[in-house]
Amino acid sequence: MDNATIWLVIGFLGQALFSARFIVQWLQSEREKRSVFPVAFWYFSIAGGVILLAYAIYKEDPVFILGQLTGLFIYFRNLYFVVYQHRILKAE
Numbered sequence: 000m001d002n003a004t005i006w007l008v009i010g011f012l013g014q015a016l017f018s019a020r021f022i023v024q025w026l027q028s029e030r031e032k033r034s035v036f037p038v039a040f041w042y043f044s045i046a047g048g049v050i051l052l053a054y055a056i057y058k059e060d061p062v063f064i065l066g067q068l069t070g071l072f073i074y075f076r077n078l079y080f081v082v083y084q085h086r087i088l089k090a091e
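Shown next, in the form of structure tokens:
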């Protein structure tokens with residue numbers, strides 16, 4: 000396998016993880032009969048975003064790089080809110 004093929008596989012892996020977050024969110028929402036974002040949504044977002052960022056850097060695509068960096072900031076921030084809220088509820 001050559002270098003370009005390996006990076007193509009990495010790109011598809013990142014996209015698969017990133018897409019899996021929607022399936023996780025959809026299934027949880029169906030179970031609860033309301034729109035929810037389970038913690039796994041943010042973990043899939045981060046994992047897919049990091050891998051897609053690596054792929055974007057490899058491709059030297061500044062638009063893709065900026066998009067992934069912005070998204071990662073938001074995903075980490077949302078995960079922080081989830082963890083912080085859980086700690087507050089646990090302390091009460």
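Position 35 of the sequence shown, counting from 1, maps to 34 under numbering that gives the first Met the number 0, and the rest follow consecutively.
Every residue gets a Cβ at the ideal spot worked out from N, C-alpha and C, and that includes glycine.
Original post:
Between which two residues does the alpha helix (DSSP H) carrying E59 extend?
Top reply: Counting from 1 along the sequence shown, the entry for residue 59 is found at position 60. It is not in any alpha helix (DSSP H) - E59 carries neither H nor E in the DSSP assignment.
**OP:** Please report the residue range of the alpha helix (DSSP H) in which F11 lies.
**Re:** As a position in the sequence shown, residue 11 is number 12, starting the count at 1. Segment N2 to E31, the alpha helix (DSSP H) holding F11.
Subject >> Length of the line joining the Cα atoms of W25 and L12 >> reply: The residue given as residue 25 occupies position 26 in the sequence shown. The residue given as residue 12 occupies position 13 in the sequence shown. Rounded to whole angstroms, W25 and L12 show a C-alpha spacing of 20 Å.
Original post:
Is the distance from the Cβ of Y79 to the Cβ of I9 below 9 Å?
Top reply: Working through the sequence shown from its first residue, we reach residue 79 at position 80. Working through the sequence shown from its first residue, we reach residue 9 at position 10. No, these two residues do not count as a Cβ contact at 9 Å.
Original post:
Three or more C-beta pairs closer than 8 Å, one from the region 53-67 and one from the region 22-42: is that the case here?
Top reply: no
Original post:
Which one of E31, K32 and G47 has the shortest CA to CA distance from S18?
Top reply: Reading the sequence shown from its first residue, position 19 is the one you call residue 18. With distances taken between Cα atoms, S18 lies closest to G47.
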